[in-house]
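Numbering (the numbering used here), first residue to last: 1 to 356.
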């Protein structure tokens, strides 16, 4: 049983109040109310918010909303968007995050005014070429999906400024990604990236490069020094050695946090070789079954590469996570760059301190 009657009341009040932005968030809707597509809203409605409902599809009638600029439908049950669906070409922001969406239709190439597209926390496996053809798209967020490859066609997204692909399954980056003329923020945290493109210096507008928690990334191309970066995120990259840091002597601050557990010092069972060798959970550093299901990985120690785990349910004990914030300036750079490194213990900080 849907909550259409309540939504219809909201729509009725919107008509009476001459409102151009409609909020149907958390209204227990399985479908969008038919009255939403009445002639009054055809040119009047500019923003539609329907977060946290039970929508399973986007209706064809959305094309009737000729001046709709914002469509916000995250946290629903949308699994499929038909190629035949014609969304309003007036859309400038589309958010379909946190659904069960498996793919992005090619029909999205008609959204020539789209500037922001958010489809994070879905089940998307492929970045379609259609997104690269959108002339005004400047922000693309496809984090927490199942993406393995970035298409070479990405270089055609000439307006793209922010690209967020965190928590996917990406191993390699195509050199074409460095040819985006306006790219300023590139976030690829929590993937399985093994190397950065050697032509990274071609991304001349890049100010933030975030590749935290890629444990297989162990080196950086020398051409990265040619960029005017504000932030480089290297935390949890399996001990990346950044040569310019070897002569750096100033550590700005230590930041102690109780948000993470470091299991190599958490409990004595990890020091017991019998438990570690024979436990069915040895792949998780010998974590007993009763606690393994209550922990989720959070990052990796910059020095010893051991993972941090964050408790989901049961807080067993606290342990410090150490952050290191060096600041340095490359010759010819206009401003200093800050890097953040995370260590599991002060011992690992001291062990790695020889680089500073």
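The C-beta atom is built at its ideal place from N, Cα and C for all residues, glycine as well. Keep in mind the model is a prediction, meaning the values are calculated, not measured.
Can you list, in chain order, the residues of its chain with a C-beta nearer than 7 Å to that of residue i? Leave out the 5 residues immediately preceding and following it.
{"i": "residue 106", "result": "83, 128 and 130"}
{"i": "residue 202", "result": "178 and 179"}
{"i": "residue 90", "result": "66, 67, 68, 69 and 113"}
{"i": "residue 88", "result": "62, 63, 65, 66 and 68"}
Which residue marks the beginning of the beta strand (DSSP E) containing residue i, and which one marks its end?
{"i": "residue 93", "result": "93-95"}
{"i": "residue 30", "result": "Segment: none, residue 30 is in no beta strand (DSSP E) and carries neither H nor E."}
{"i": "residue 56", "result": "Careful: residue 56 lies outside any beta strand (DSSP E) and carries neither H nor E."}
{"i": "residue 180", "result": "Segment: none, residue 180 is in no beta strand (DSSP E) and carries neither H nor E."}
{"i": "residue 47", "result": "47-49"}
{"i": "residue 70", "result": "70-72"}
{"i": "residue 140", "result": "139-141"}
Go through its chain and collect everything with a Cβ distance to residue i's Cβ below 6 Å, but skip five positions before and after it.
{"i": "residue 155", "result": "176 and 179"}
{"i": "residue 109", "result": "130 and 133"}
{"i": "residue 214", "result": "191, 193 and 237"}
{"i": "residue 153", "result": "129 and 132"}
{"i": "residue 189", "result": "166, 210, 212 and 213"}
{"i": "residue 204", "result": "none"}
{"i": "residue 277", "result": "Unreliable placement is indicated for residue 277, whose pLDDT of 34 sits below 50; no coordinate value is reported for it."}
{"i": "residue 185", "result": "162 and 208"}
{"i": "residue 357", "result": "With the chain represented from 1 up to 356, any question about residue 357 goes unanswered, as that position is not in the structure."}
{"i": "residue 47", "result": "21 and 70"}
{"i": "residue 174", "result": "150 and 152"}
{"i": "residue 96", "result": "73 and 119"}
{"i": "residue 99", "result": "76, 78 and 122"}
Please report how far the alpha carbon of residue i lies from the alpha carbon of residue j, in whole angstroms.
{"i": "residue 140", "j": "residue 163", "result": "5 Å"}
{"i": "residue 40", "j": "residue 81", "result": "26 Å"}
{"i": "residue 23", "j": "residue 45", "result": "11 Å"}
{"i": "residue 51", "j": "residue 226", "result": "43 Å"}
{"i": "residue 200", "j": "residue 183", "result": "11 Å"}
{"i": "residue 195", "j": "residue 208", "result": "17 Å"}
{"i": "residue 281", "j": "residue 62", "result": "With a pLDDT of only 38 at residue 281, under the threshold of 50, the placement of this residue in the model should not be trusted, and no figure is reported."}
{"i": "residue 121", "j": "residue 86", "result": "23 Å"}
{"i": "residue 206", "j": "residue 229", "result": "6 Å"}
{"i": "residue 144", "j": "residue 34", "result": "33 Å"}
{"i": "residue 49", "j": "residue 220", "result": "42 Å"}
{"i": "residue 42", "j": "residue 103", "result": "28 Å"}
{"i": "residue 216", "j": "residue 94", "result": "34 Å"}
{"i": "residue 148", "j": "residue 172", "result": "8 Å"}
{"i": "residue 235", "j": "residue 19", "result": "47 Å"}
{"i": "residue 60", "j": "residue 233", "result": "42 Å"}
{"i": "residue 142", "j": "residue 218", "result": "25 Å"}
{"i": "residue 413", "j": "residue 157", "result": "This structure cannot speak to residue 413, because the chain is shown only from 1 to 356."}
{"i": "residue 187", "j": "residue 38", "result": "42 Å"}
Could you check what DSSP says for residue i in three-state terms: helix, strand or coil?
{"i": "residue 233", "result": "strand"}
{"i": "residue 210", "result": "strand"}
{"i": "residue 163", "result": "strand"}
{"i": "residue 225", "result": "helix"}
{"i": "residue 201", "result": "helix"}
{"i": "residue 20", "result": "coil"}
{"i": "residue 131", "result": "helix"}
{"i": "residue 107", "result": "helix"}
{"i": "residue 359", "result": "Only positions 1 to 356 of the chain appear in the structure, and residue 359 is not among them; the question remains open."}
{"i": "residue 187", "result": "strand"}
{"i": "residue 64", "result": "helix"}
{"i": "residue 325", "result": "With a pLDDT of 47 at residue 325, under the threshold of 50, the modelled position of that residue is not reliable, and the figure given next carries that caveat. If DSSP states are grouped into helix, strand and coil, residue 325 belongs with the strands."}
Can you find the residues in the same chain that come closer than 8 Å, C-beta to C-beta, to residue i, ignoring five residues on each side of it along the sequence?
{"i": "residue 146", "result": "123, 124, 125, 168 and 169"}
{"i": "residue 92", "result": "69, 70, 113, 114, 115, 116 and 136"}
{"i": "residue 370", "result": "In the structure as shown, the chain starts at 1 and stops at 356, and residue 370 therefore has no counterpart that could be examined."}
{"i": "residue 223", "result": "198, 199, 200 and 201"}
{"i": "residue 358", "result": "The structure shown does not extend to residue 358, since the chain is modelled only from 1 to 356, so the question has no answer here."}
{"i": "residue 101", "result": "78, 79, 80, 81, 119, 122, 123 and 124"}
Counting along the chain, where does the alpha helix (DSSP H) carrying residue i start and finish?
{"i": "residue 117", "result": "Counting along the chain, residue 117 falls outside any alpha helix (DSSP H), though it belongs to the beta strand (DSSP E) covering 116-118."}
{"i": "residue 42", "result": "39-44"}
Kindly examine the ligand PLP and report whether one of its heavy atoms sits closer than 7 Å to the Cβ of residue i.
{"i": "residue 199", "result": "The ligand PLP is not part of this structure, which contains no ligands at all."}
Is it true that the region 54-68 meets the region 108-125, where meeting means three or more beta-carbon pairs spaced less than 8 Å apart?
Touching, no.
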